[in-house]
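When we follow our numbering, the leftmost residue of the sequence shown carries the number 1, and every step to the right adds one. Cβ coordinates follow ideal geometry from the N, Cα and C atoms, glycine included. Here the structure is laid out as structure tokens; the discussion comes afterwards.
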Amino acid sequence: MWKGHPDISAQELRFNFNTENWKFKKAGSNILPAYTIYLDLSPDADTLLQCMKPKTPYNIRLAARKSVSVTSKGMEGRDTWHELYKETALRNRILNEMKYSEAVLAAKAQDRRSPADVRLLIVSYGDMPLAAMFLAITGSRGSSLYGALRLRRIVT
């Protein structure tokens with residue numbers, strides 16, 4: 001269940017953590033989502049669906065009926081990711097090189113300071129990739145790092 005947006009001071013505290021002078025301020029605008037949304041995934045699927053806006057459960061059920069699938073990929077999915085990300089980046093006027101995406105995907109840290117498991121999730125209709133995202137998992141928390149989306153209508 002949604003626990004609400006963190007306030008600006010909490011966001012500034014997080015990105016100032018371990019800095020020398022604690023002077024970073026939240027930007028007035030973002031190219032990434034402005035807020036982190038915390039969602040408690042411990043309730044069963046039906047309870048989660050009941051708490052969503054009506055269109056979200058509808059779209060989830062529609063995707064299931066249309067055989068839309070989500071797969072977890074490693075480095076073997078990087079070409080698919082980059083193809084989708086290039087389309088998204090051109091649309092949003094941003095672009096990172098393939099090396100950057102590869103570095104994010106390879107960031108599974110083995111030390112105590114950053115025990116993240118980074119996964120590439122790809123949403124497909126048949127063999128046509130529709131969307132992708134990097135999911136970083138640390139302990140009991142999953143965070144979406146980057147997403148990419150094809151806008152052309154494919155599912156009929």
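Which class does L135 belong to by DSSP, given the choice of helix, strand or coil?
Strand at L135.
Note the first and the last residue of the continuous beta strand (DSSP E) segment covering R65. Here R65 belongs to no beta strand (DSSP E); instead the alpha helix (DSSP H) covers K55 to R65.
query = Going by alpha carbons, who is nearest to S140 out of L41, T56, N59 and I37?
reply = The closest CA to that of S140, considering only L41, T56, N59 and I37, is found on L41.
Item checked: Cβ-based burial, I122 [other Cβ within 10 Å; buried from 16] -> Classification for I122: buried.
Coarse secondary structure for R150, derived from DSSP in three states
The three-state reading of DSSP puts R150 in coil, since its state is none of H, G, I, E or B.
query: The alpha helix (DSSP H) with D79 in it runs from where to where?
result: D79 -> alpha helix (DSSP H) spans R78 to N92.
Could you name the residues of the same chain whose beta carbon sits closer than 6 Å to that of S69, not counting the 5 residues immediately before and after it, in chain order?
-> Result list for S69: S124, in chain order.
**Request:** Locate the alpha helix (DSSP H) running through S9, then write down its first and last residues.
**Result:** Segment I8 to N16, the alpha helix (DSSP H) holding S9.
Cβ neighbours of Q110 in the same chain (closer than 8 Å, five flanking residues each side left out): Confidence at Q110 is low in this model, with a pLDDT of 46, below 50, so its placement is unreliable and the value that follows should be read with caution. Scanning its chain for C-beta atoms nearer than 8 Å, with the 5 sequence neighbours on each side dropped, one finds no residue around Q110.
Q.
Strictly by DSSP, which residues pair up with L120?
A. Answer is K73 and F134.
Coil, strand or helix - A109 by DSSP | Unreliable placement is indicated for A109, whose pLDDT of 47 sits below 50; the coordinate value is still reported in the next sentence. Coil, per DSSP.
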